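So the structure is just underneath, and the comments pick up after that.
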Amino acid sequence: MTESVIAPLGAGDYQLRKLVFEVGDSAGEYNRRELSLGLSHQFGTNAEDPNAFMLSLTLGINVDDDVFTERGFKVEATAAAAFHVESGAIPEDDVVGYVLINGLSLLYSGLRHEVMTVTGQSAVGRVTIPTVNMVEYLKSQQAEDASAESPVAAEDATV
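Written as structure tokens, this is what we have:
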């Protein structure tokens, strides 16, 4: 018999805020190797409740005009949810990272399903986007943010 497990992270108020799927004239059946996937997120805290957070995730597939023309379809989607961490369940220094990693994973999973559903009813066929390691995604975002803020890093990047 399994013991009951208390989940330290609660999610609620999930919203699909945007889902745009466009098929172009050059659309053919989807080739898994031909996928340009981009992600971005927004994270907010609650001034009144230090354990409450809002998180949104936006994904774009083939959104660049040239890529869209070549591959024949594009998707832009955004999902958001409110998250709450049980007080004391996670060390205070780890709460933000915990919410980001797990919250983004939950939102991505939801968007992944939406993309499969809507594309599966088109000439492109069902598009199954790959899984994403959110730890690595967040590390790459931090690196991008750091290089954008550092004039030295920006100069080094152009050498």
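Numbering follows this note's numbering, in which position 62 of the sequence shown is assigned residue number 59; successive positions increment by one, without gaps. Glycine included, every Cβ here is placed at the ideal spot set by N, Cα and C. Model, not experiment: these values are computed from the prediction.
> Is T66 buried or exposed, if buried means 16 or more other CB atoms sit within 10 Å of its CB?
Replying inline: exposed
>> At the level of alpha carbons, what is the spacing between V156 and Y95?
In response: Low confidence applies to V156: its pLDDT is 28, below 50, so where it sits in the model is not reliable, and the reading given next is rough at best. The straight-line gap from Cα to Cα measures roughly 37 Å.
> Can you tell me whether DSSP reads Q12 as helix, strand or coil?
Replying inline: strand
> Using the rule of at least 16 other Cβ atoms within 10 Å of the residue's Cβ for burial, across every protein chain shown, is K136 buried or exposed?
Replying inline: exposed
> Just how far apart, CA to CA, sit N99 and L6?
Replying inline: 8 Å
>> Between which two residues does the beta strand (DSSP E) holding E73 run?
In response: 70 to 82
>> Whole angstroms are fine: how far does the CA of A4 sit from the CA of G69?
In response: 42 Å
>> If I follow the unbroken alpha helix (DSSP H) through L32, where does it start and stop?
In response: From DSSP, L32 is part of no alpha helix (DSSP H); its letter is neither H nor E.
> Looking at C-alpha atoms only, which residue of Q139, A77, V121, P88 is the closest neighbour of Y105?
Replying inline: A77
> Which residue spans inside the stretch 31 to 56 form an unbroken beta strand (DSSP E) run of at least 3?
Replying inline: 34 to 42
>> On the CB-based measure, 16 or more other CB atoms within 10 Å of its CB, does L34 come out buried or exposed?
In response: exposed
> Less than 9 Å separating the beta-carbons of H165 and G9?
Replying inline: One cannot answer for residue 165 here, as it falls past the ends of the chain, which runs -2 to 156.
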